[in-house]
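Just so you know, the sequence shown maps onto residues 582 to 918 in the numbering used here. Even glycine gets a Cβ: it sits at the ideal position worked out from N, Cα and C. Only one structure is covered here, and it is reproduced in the block below.
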Amino acid sequence: VAAVAGRDYVLLATDTRLVGSGGYDILERTHLRSRLWSATSDHSFLHTTTTTTNKNDPIQGGEEAAALSSSIFGRDGSVQFPLQPPVSKTTDFLGEKEELKKNINISTVTSAPVLIASAGCQADCEMLKRVFRSDVRRSQQWGEVKAPGVNQQQQVLPSAIAVLLSQTLYQRRTFPWYAFCLVAGLSGPDEIGDESSDGCLGGQVFVYDAIGSYEAVAVATSGNGRNLLQPILDRSFSNNMNPCNDNSVDDSSLSGTTTMPMPTTYDRGGIAVAPFPRVQETAEQAAGILTRAYRAVSERDASVGDNLVLCCLQRRKLENGDTDIQCWSMSSPLKKH
């Protein structure tokens, strides 16, 4: 799995191949249910105005089934395999935007969900998903994290989910789950130290180890093929990574760090709190980089292949000055071993 944080989006990617403990026996070629999933167990963030299901029919499940029928999320909150045809291997993500529309599954959400990508033992990832959703639901009831709603001010903050997931994993430190997670989401309007110069709050990505230690990064990978995938993404995004949300970047540095002094707004009690790192590429550019990187890794690692699924949360500015949040997914073929 991989995740990229941008200025107005967050992008997650995973292949759909599930292999056995030996690394060569293929158990499933369209596995997603424990790879990409929403941190919340309800579906209150879904938009329910467009659907192909009769929501008045109780046999079809009512309004919730109507919303899920047009959503990229399944009933359990996991990302579903896109229904649209996969993107061709020769598709140009920047030059063929109109052609890509027929390959993208789009859902409008009322508030930005926090997505989690997990890699490792499939049974442990599935158990972690169920336990963590229970923890999130309990925390919402006690007011420890904000519950999603029709108002973006009420969305669950990625930083709150990051802390809660760290606590959940650390509780199992004596016998940890073999699950390596990434947390990705859009920052909330009241996030301290995350104000953007253009007023559009961007993505946040956190990477974990098995016992809950985590770090905020711009590009993260985990799971099979990580040793090959991470260097490719670091090189592809390195010249454009910017840990600050302004344009004061020293171009002479390959790491993209700035030599300007840190603003005083990021100094809390004598401790320098750096803003969340993000890449400067657009969502289409990031999708193209991830697709090319996964295709290269699938040629060298037998545990990566079959299909690539991309899932993106993107905040858009409308003509009337308001903003809305779109969640889109698409698939692309990888090497078939």
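- Looking at P757, L810, Y590 and G793, the one whose alpha-carbon comes closest to that of W909 is Y590.
- Leaving aside the five residues that flank C706 on each side, the residues in its chain whose CB is nearer than 6 Å to its CB run, in chain order, S615, S699 and A760.
- DSSP places I742 in the uninterrupted alpha helix (DSSP H) bounded by P739 to Y751.
- In the DSSP assignment, A799 falls outside any alpha helix (DSSP H) and carries neither an H nor an E.
- M708 is not bridged by DSSP to any residue.
- A straight line joining the alpha-carbon of Y875 with that of S715 spans about 33 Å.
- Your pair L891 and L871 checks out as a contact, with CB atoms roughly 7 Å apart and the cut at 8 Å.
- At least 9 Å separates the beta-carbon of G658 from that of T689.
- Rounded to whole angstroms, R807 and L599 show a C-alpha spacing of 15 Å.
- Looking at Q752, S913 and L809, the one whose alpha-carbon comes closest to that of V878 is L809.
- At the C-beta level, L767 and G793 stay beyond 9 Å of one another.
- Secondary structure at I792: coil, using DSSP grouped into helix, strand and coil.
- Bridge pairing for S659: W618 [DSSP].
- Taking the Cα of V798 as reference, the smallest distance to any Cα among G804, N805 and V764 is reached at V764.
- Linking N684 to S912 through their CA atoms gives a straight-line distance of about 8 Å.
- Excluding residues up to 5 positions away in sequence, W758, Y759 and A760 lie with their Cβ nearer than 8 Å to the Cβ of C702 in the same chain.
- In this structure P663 is buried. Its beta-carbon is surrounded by 16 or more other beta-carbon atoms within 10 angstroms.
- Shortest Cα-Cα distance from N888 to any of N901, T595, G655 and R859 involves T595.
- Per DSSP, the beta bridge partners of W909 are I687 and C893.
- Just so you know, the alpha carbons of A791 and E900 end up roughly 44 Å apart.
- The Cβ atoms of T749 and A583 lie no closer than 9 Å to each other.
- Following the DSSP letters along the chain, one finds D596 inside the beta strand (DSSP E) bounded by residues Y590 to D596.
- In the three-state scheme derived from DSSP, where H, G and I count as helix and E and B as strand, N805 is classed as coil.
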